[in-house]
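Encoded as structure tokens, the structure appears first; notes follow it.
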DNA sequence: GAACAATGAAGAGTGTGAACACCGATGTCG
DNA sequence: CGACATCGGTGTTCACACTCTTCATTGTTC
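Residue numbers (my numbering), protein chains in the order written: chain B, 708 to 955; chain S, 708 to 955.
Structural data, given as structure tokens:
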């Protein structure tokens, strides 16, 4: 299948969801969307169904579609899934990486280091935070690519996207914290990334897996703490080309 | 969505694929299927799309749908995915299992032990092999249930199904082997299952994970050996209720 | 003169669109 | 407070248009 109009509708709705323009819970009515996009209801229906399998949309018979809204439990389960997959991928990466993979990971890591210091130095962090998050994603994507398992990479990317739809709206200033504390955490995260990189670079699967596992577990705990407190506020960052390309 | 006719079509086609009646590579034409099932083409289309996301069907624009036919590489990647997920789930199971979970796992294990001995004793094994495979599946499903992560369970079940569509056709007598050799392997597999059970029972996540990892890796290697040699022969076993229910 | 490649038409099958049928929700009336 | 009617919206059907494939025919080259 993969027809033109269906793709147009799919890309359109998907982007709106990922940028936060369609917030979790928003009703997605085929007729409205069809008129908005300029196609018939059929390709919109197809697109929604595809988005459902991506995990971005939930659909109930005769009740319509809406942007997926996760419960804490479901979110936590999804994070655990990601932990299992991504740490395994890190182990594979340590085995299968080649020189190009290492370079890509190193680039992302260096960009993160530069941006982290810039963010810590700056007064107003907002614009740089988006960049930092993008480089973070680039790092993780590079690790997955180095694992040389396309199926796994695809699956992890899917989880990343779902993860973002839920966590991005929380980023701004959901939890009131000390800047010094946040800065410390930033440096720790950076060091963790460095540890992961080094384990992969020296070809130590066990260590790479453990480091990634530890890093993700920490991030998950952090996000869960945020989620249990905050519930509103919307701010989206730009997507990396690879993330945008996923599934299309 | 999830409407009646779509579900009917979905269940119909899915069952045909899983029982082997629609072998890998078979073309699935919407019009033919629609007439066969007694509904219109639209719900058939929807069903095929859903089956595509399940990984059982592949669809190309203007070329139609067909039962998924995997390359060795893709199969190997999928197995690795399953390894990552299922071993992680085994670790979780060791943490989260309750008495009921343990009992269910123990039941499946005892049934496997009984059937394994029966198969080894019997001359003509065929009918018992299906039962044994079913109990094997039941064992793994019980472990996943004990992990208390529905998302992960669903994902692993999905992989199990894809796995079966590809491996079941190979089972009969693809690889000519000594009966004594096969019997030895059967006992080893059984012992592995027992090790996994005991690790979960005594609440040792690390051991449970390692045992499951080892067991699956062995199974994967075995299947890959088979796959690289044989290519034909069809024999399907019955599905457990839970496997049949998956996704509906 | 034969073989192969290129081009055209025919056919099969899918993607799309608009109308109809059905279901669930909401509001009103008894 | 409950039952019923109305309405919004989806699921389904059917018909049409389009795309791709395939096969045959023709032209070209060895």
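Every residue, glycine too, gets a C-beta built ideally from N, C-alpha and C. These numbers were taken from a predicted model, which means no experiment stands behind them.
What's the call for residue 745/B, buried or exposed, on a 16-neighbour Cβ count within 10 Å? Label assigned to residue 745/B: exposed.
Alpha helix (DSSP H) runs contained entirely in the segment 789–843 of chain B, provided each spans 4 or more residues: 806–828
Tell me the rounded alpha-carbon separation between residue 865/B and residue 863/S. 16 Å
How many Å lie between residue 893/S and residue 912/S at the Cα? Each residue's CA atom was taken as its position, placing residue 893/S and residue 912/S some 25 Å apart.
Let me know the secondary structure DSSP gives residue 881/B once reduced to three states. Residue confidence is low: residue 881/B scores 48 on pLDDT, short of 50, so the model does not pin down where it sits. Its coordinate-derived value is still stated next. Residue 881/B: coil per DSSP, three-state reduction.
Please return the same chain residues whose Cβ sits closer than 7 Å to the Cβ of residue 846/S, not counting the five positions on each side in sequence. 812, 815, 816, 819, 900
I'd like the list of long-range same chain contacts for residue 759/B, defined as Cβ closer than 6 Å, with 5 residues on each side in sequence excluded. Excluding positions up to five away in sequence, the list reads 766.
Give a yes or no on whether 8 Å exceeds the smallest Cβ distance from residue 777/B to chain S. no
Same chain only: Cβ atoms within 7 Å of residue 897/S, ignoring 5 sequence neighbours per side: 819, 820, 823
Can the beta-carbon of residue 799/S be found closer than 8 Å to that of residue 856/S? yes
For residue 834/B and residue 737/B, the rounded distance between their alpha carbons: 35 Å
Quick one: list the residues of chain S neighbouring residue 922/B, beta-carbon separation under 8 Å, in chain order. The contacting residues do not exist; residue 922/B stays about 16 Å from chain S at best.
Please state whether the Cβ-Cβ distance between residue 797/B and residue 915/B is less than 8 Å. Yes; because the gap between Cβ atoms is below 8 Å, this pair is in contact.
So residue 924/B is in the alpha helix (DSSP H); what residue range does that whole segment cover? 912–936
With the cut-off set at 8 Å, would you say residue 931/S and residue 859/S are in Cβ contact? no
Under the three-state DSSP convention, the category residue 854/B falls into: coil
Between 762/B, 717/B, 732/B, which has its C-alpha nearest residue 749/B's C-alpha? 717/B
Is the beta carbon of residue 839/S closer than 8 Å to that of residue 850/S? no
Span separating the alpha-carbon of residue 886/S from that of residue 895/S: Between residue 886/S and residue 895/S, the C-alpha separation is close to 14 Å.
For the 8 Å Cβ check, are there 3 or more pairs between the segment 766–784 of chain S and the segment 725–735 of chain S? yes
Applying the criterion that 16 or more other CB atoms from any shown protein chain within 10 Å of the CB defines a buried residue, is residue 779/S buried or exposed? exposed
Between the Cα of residue 795/S and the Cα atoms of 925/B, 917/B, 926/B, 928/B, which residue gives the shortest distance? 917/B
Just checking: is the beta-carbon of residue 792/S within a distance shorter than 8 Å of some beta-carbon in chain B? yes
Quick one: is residue 808/B near chain S, going by C-beta distance under 8 Å? no
Are the Cβ atoms of residue 903/B and residue 922/B separated by less than 8 Å? Result yes, Cβ atoms of residue 903/B and residue 922/B sit closer than 8 Å.
Test item: CB-CB of residue 788/S and residue 924/S under 8 Å: no
Proximal chain S residues relative to residue 756/B, where beta-carbon distance stays under 8 Å: Chain S residues near residue 756/B: 708, 753, 756, 757.
Which listed residue (756/S, 890/S, 871/S, 715/S) has its alpha carbon closest to that of residue 841/S: 871/S
Pull up the CB-CB distance for residue 869/S and residue 785/S, whole angstroms please, since I reckon it's below 8 Å. 6 Å
What separation, rounded to the nearest whole angstrom, lies between the Cα atoms of residue 809/B and residue 906/B? 11 Å
Neighbour list for residue 857/S in chain B, Cβ cutoff strictly below 7 Å: 784
Give the range of the alpha helix (DSSP H) segment to which residue 772/B is assigned. Per DSSP, residue 772/B belongs to no alpha helix (DSSP H); it is in the beta strand (DSSP E), 771–774.
Residue 910/B and residue 752/B look like a contact to me (Cβ under 8 Å); what is the Cβ gap, rounded to whole Å? Actually they are not in contact, since the Cβ atoms of residue 910/B and residue 752/B sit about 48 Å apart, beyond 8 Å.
Under DSSP, the beta strand (DSSP E) around residue 746/S begins and ends at which residues? Per DSSP, residue 746/S belongs to no beta strand (DSSP E) and is neither H nor E.
Chain B contacts from the segment 841–854 of chain S (Cβ-Cβ distance under 7 Å): none
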